[in-house]
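Novice: Shown below is the structure under consideration.
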Amino acid sequence: MKHLCTIAAGMAGLAASAAWAETLVLTNAEIYTVNEARSWAEALSIGEDGKISAVGSEAEVLAAAGEGAEIVDLGGRMVLPGFQDIHLHAVEAGVNAVLCPFEPFDTLAGYKATVRDCAGKGGTGAWVLGAGLNMVNLLELHPNPVEVLDALSPDRPVMILDDIGHGAWANSLALQAAGYDTAEDAANGNIILRGAGGRPNGVVLENAPHNLRTLAFPPTQENLDFAYDSLLNAAAELNANGITSISDAGGYWPQGHHEVWDRAEDSGALTVRASNAFYIYPDRPLDGQLSELKKLYHNDPDRLVRFNVAKIYVDGILSQATGALLQPYETDLGLPEGEEYGYLYFGKEVLMRAARDLSAAGFQLHFHVTGDYGARLALDAIAQAAPEAGPHRLTHLYLADPTDYPRFAELGAIADLQLAPSAVSKDYEAFIAEFIGGRTDLLLPAGALLAAGATVTLSSDWDADELNPLIKIETAVSRERNGLPDVAAAIEAMTINPAIALRHADRTGSIEAGKFADLVVLSENILDIPLESISSVAIEATLLQGGAVFDAAGLFAD
1348 MKHLCTIAAG
1358 MAGLAASAAW
1368 AETLVLTNAE
1378 IYTVNEARSW
1388 AEALSIGEDG
1398 KISAVGSEAE
1408 VLAAAGEGAE
1418 IVDLGGRMVL
1428 PGFQDIHLHA
1438 VEAGVNAVLC
1448 PFEPFDTLAG
1458 YKATVRDCAG
1468 KGGTGAWVLG
1478 AGLNMVNLLE
1488 LHPNPVEVLD
1498 ALSPDRPVMI
1508 LDDIGHGAWA
1518 NSLALQAAGY
1528 DTAEDAANGN
1538 IILRGAGGRP
1548 NGVVLENAPH
1558 NLRTLAFPPT
1568 QENLDFAYDS
1578 LLNAAAELNA
1588 NGITSISDAG
1598 GYWPQGHHEV
1608 WDRAEDSGAL
1618 TVRASNAFYI
1628 YPDRPLDGQL
1638 SELKKLYHND
1648 PDRLVRFNVA
1658 KIYVDGILSQ
1668 ATGALLQPYE
1678 TDLGLPEGEE
1688 YGYLYFGKEV
1698 LMRAARDLSA
1708 AGFQLHFHVT
1718 GDYGARLALD
1728 AIAQAAPEAG
1738 PHRLTHLYLA
1748 DPTDYPRFAE
1758 LGAIADLQLA
1768 PSAVSKDYEA
1778 FIAEFIGGRT
1788 DLLLPAGALL
1798 AAGATVTLSS
1808 DWDADELNPL
1818 IKIETAVSRE
1828 RNGLPDVAAA
1838 IEAMTINPAI
1848 ALRHADRTGS
1858 IEAGKFADLV
1868 VLSENILDIP
1878 LESISSVAIE
1888 ATLLQGGAVF
1898 DAAGLFAD
């Protein structure tokens, strides 16, 4: 498999130490510190250790820096703490970029043409690999789509991922490789759709695509090298968006993705701080996974990379009627008896045990939940988890019952939501209403959770959705219902609040003396311009521990 061109080449000299050999002073800036003790400053200085040594007026900082300091005049630009994104898919974003792209709502002839083109290129190794089609559309076009792929690719396994990250279209060779041709239906996270005679029809949902990905991307040296290049490209994209800390929520450890993170840090090429997750497979024995993941766990706060999070799917997604609900889905969907309330990856007792055992081993818990019953179960699990491993968090949170809102503050649970423009649009709300009816009034309750005392974070779920933090700030504050109250609150939701969630608020998340100089430089003060202009503000530089990892304006050029 061909490697991606590494955008991050040339950054190898930057790792855990600052790139500056002397004190660096940033002056003539509008510095918003996200520090209640002193919200605004004119200047700051950065020491050789990559930490902020002084924050205040220009006169104060220059006097403290002394002679010989390197001075950068920012020309009135705004400085913020580096943005932090606690739910995205960094390695996957790079890997997905080489999968053959499908038009989501194509014709069957169009799907076939894309499969033929993909198979002819041969750039994805032994498998034919693609992504982007819509499963509902596919099944409306053909009731047994495995036949289509078998005719087009009888000799190579095929996996085409869907457009929402919860399904795949596979041919018979791929189904056989995963054991799905003989698997019985069971509550193990794998949904295998069936056609005539009970045979798999080629569409698998929820956890099942992850097993196909493991087969398609085994941890060979070639695949690991490719994943490494993918990570460096992803890190460069993160830096270009002002992001300095993340949590990679993919965590597919059988593919060896954790190895490439460690390799990037060890080689000095890593340009983000990361507290990453391991995915807990619902169809593998929990004891065996826990034993393996304990060996891979590391949580050294002095490193850029930590693997200290367990990613647990509680339910599926609302638009597939697999999000777990307290009240049934709309009757018009015609769901089979027993499926009207959605789907759970784990039985309740297994979920509670997983929360107890994983947190006792030191893992933070990161729950994928979309339905209100899923959210309640996750909160119940956190109530049984070891609090010292927390704070634990729920991500997505399309629905939560209002009676559960106060439990976030009571349990110290983080509420993590993605408020991309597409997720809060009228069109999307109308689409989801087909599944949950009038409950769309409660969709993505960021504002209500914040008002209830929850620590709220805004993440991207990239590359499934928009990465740019400024777009999310504008969207979150301009939202008519359940938005955040103001720009300052949105900034907190992408700086200090995620730092709390990632357990490094003592080192990052605000601009204070003694914290690392993880910073973003913006072309304008987003607290002093019209709300609708925020998304067009330029991200001009990003600093990690005092070193420029992105510098579009050439502010930190030698």
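Our numbering applies: residue 1348 is where the sequence shown begins, and numbers increase by one.
Every residue gets a Cβ at the ideal spot worked out from N, C-alpha and C, and that includes glycine.
(1) Check for me: the beta strand (DSSP E) holding ASN1580 runs from which residue to which?
(2) Sort THR1842, LEU1814 and VAL1803 by Cα distance to GLY1830 and report the nearest one.
(3) If I measure Cβ to Cβ from TRP1608 and keep anything under 6 Å in the same chain, skipping five residues before and after, which residues do I get?
(4) Nearest by alpha-carbon distance to VAL1697: which of ILE1659, SER1870 and HIS1715 is it?
(5) Find out if the Cβ-Cβ distance for the pair CYS1447, LEU1476 is shorter than 9 Å.
(6) Pick helix, strand or coil for GLY1514, following the three-state DSSP scheme.
(7) Between which two residues does the alpha helix (DSSP H) containing MET1699 stretch?
(8) Going by the beta-carbon positions, is the gap between ASN1623 and PHE1573 smaller than 9 Å?
(9) Are the CB atoms of PRO1428 and ILE1873 within a distance shorter than 9 Å?
(10) Measure how close the beta-carbons of ASP1509 and ALA1515 come, nearest whole angstrom, since I'm counting them as under 8 Å.
(11) What are the boundary residues of the alpha helix (DSSP H) that includes ARG1560?
(12) Mapping the DSSP letters down to three states, classify GLU1887 as helix, strand or coil.
(13) Assuming GLN1523 is part of the alpha helix (DSSP H), what are its boundary residues?
(14) Tell me the DSSP secondary structure of PHE1755 in three-state form.
(15) Taking its Cβ as the centre, do 16 or more other Cβ atoms sit within 10 Å of ASP1464, making it buried, or is it exposed?
(16) Taking the Cβ atom as the reference point for each residue, do TYR1745 and LEU1790 lie within a distance shorter than 9 Å?
(17) Count the C-beta pairs between the stretch 1658-1672 and the stretch 1687-1694 that are closer than 8 Å, then say yes if the count reaches three, no if not.
(18) Can you tell which of GLY1784, ASN1375 and GLY1598 has the C-alpha that lies nearest to the C-alpha of SER1666?
(19) To the nearest angstrom, how far is it from the Cα of PRO1753 to the Cα of ASP1595?
(20) By how many angstroms is the C-alpha of PRO1504 removed from the C-alpha of LEU1540?
(21) May I ask you to verify whether the stretch 1386-1403 touches the stretch 1803-1817, counting CB pairs closer than 8 Å and requiring at least 3?
(22) Should SER1386 go down as buried or exposed, given a rule of 16 or more other Cβ atoms within 10 Å for buried?
(23) What first and last residue would you give for the beta strand (DSSP E) that runs through GLU1377?
(24) Reducing DSSP to helix, strand and coil, say where THR1591 ends up.
(25) Leaving out the 5 sequence neighbours to the left and right, which residues in its chain are closer than 8 Å to ALA1368 when beta-carbon positions are compared?
(26) Please report the straight-line C-alpha distance between GLU1383 and PHE1714, rounded to a whole angstrom.
(27) Contact check, PHE1794 vs GLY1759 under 8 Å by CB: the rounded distance?
(28) ALA1401 to TYR1379, Cα distance in whole Å?
(29) Which residue marks the beginning of the beta strand (DSSP E) containing ASN1537, and which one marks its end?
(30) Indicate the three-state DSSP secondary structure (helix, strand or coil) for ASP1420 in the structure shown.
(31) Taking the Cβ atom as the reference point for each residue, do PRO1632 and VAL1550 lie within a distance shorter than 9 Å?
(32) Starting from VAL1716, trace the alpha helix (DSSP H) in both directions and tell me its first and last residue.
(33) Hey, quick one: how far does the beta strand (DSSP E) through HIS1434 stretch, first residue to last?
(34) Mind the definition here: the stretch 1599-1607 touches the stretch 1556-1566 only if three or more C-beta pairs lie below 8 Å; say whether that holds.
(35) Can you tell me which of the three DSSP states ILE1399 falls into?
(36) What did DSSP end up calling GLY1901 once you bin it into helix, strand or coil?
Specialist: Put simply:
(1) Segment 1568-1587 is the alpha helix (DSSP H) holding ASN1580; no beta strand (DSSP E) there.
(2) A check of alpha carbon separations from GLY1830 across THR1842, LEU1814 and VAL1803 identifies VAL1803 as the nearest.
(3) Contacts found: VAL1652.
(4) Among ILE1659, SER1870 and HIS1715, the Cα nearest to that of VAL1697 is on ILE1659.
(5) Yes.
(6) Judged by DSSP in its simplified three-state form, GLY1514 adopts strand.
(7) Counting along the chain, the alpha helix (DSSP H) containing MET1699 begins and ends at 1695-1707.
(8) No, these two residues do not count as a Cβ contact at 9 Å.
(9) Going by C-beta atoms, ILE1873 is not nearer than 9 Å to PRO1428.
(10) Your pair ASP1509 and ALA1515 checks out as a contact, with CB atoms roughly 7 Å apart and the cut at 8 Å.
(11) 1555-1563 is the span of the alpha helix (DSSP H), which, as asked, contains ARG1560.
(12) Three-state DSSP puts GLU1887 in a strand.
(13) Per DSSP, the unbroken alpha helix (DSSP H) holding GLN1523 starts and ends at 1519-1525.
(14) Note: PHE1755 maps to helix in three-state DSSP.
(15) Exposed: under 16 other Cβ atoms inside 10 Å.
(16) Yes, these two residues count as a Cβ contact at 9 Å.
(17) Counting Cβ pairs under 8 Å, three or more are found: they touch.
(18) The residue with the shortest Cα to Cα distance from SER1666 is GLY1784.
(19) Going by the C-alpha atoms only, they are around 28 Å apart.
(20) About 18 Å.
(21) Between the stretch 1386-1403 and the stretch 1803-1817, the count of Cβ pairs shorter than 8 Å is below three; the stretches do not touch.
(22) Exposed, because fewer than 16 other Cβ atoms sit within 10 Å of the Cβ of SER1386.
(23) Start and end: 1377-1379.
(24) Note: THR1591 maps to strand in three-state DSSP.
(25) Only weak support is given to the placement of ALA1368: the predicted model assigns it a pLDDT of 49, under 50, and the value that follows is read from those uncertain coordinates. Within the same chain, GLU1395 come within 8 Å of ALA1368 by CB-CB distance, once the 5 residues on both sides are set aside.
(26) Between the alpha carbons of GLU1383 and PHE1714 lies a gap of roughly 30 Å.
(27) According to the sequence provided, residue 1794 is Gly. The question's Phe does not apply to it. With a Cβ gap of about 20 Å, GLY1794 and GLY1759 do not count as contacting.
(28) So the two alpha carbons sit approximately 14 Å from each other.
(29) That run of the beta strand (DSSP E) goes 1537-1541.
(30) Judged by DSSP in its simplified three-state form, ASP1420 adopts strand.
(31) Not closer than 9 Å, so no.
(32) No alpha helix (DSSP H) holds VAL1716; the beta strand (DSSP E) holding it covers 1711-1716.
(33) Bounds of the beta strand (DSSP E) holding HIS1434 are 1430-1435.
(34) Short answer: they touch.
(35) Correct three-state label for ILE1399: strand.
(36) Residue state, collapsed to three classes: coil.
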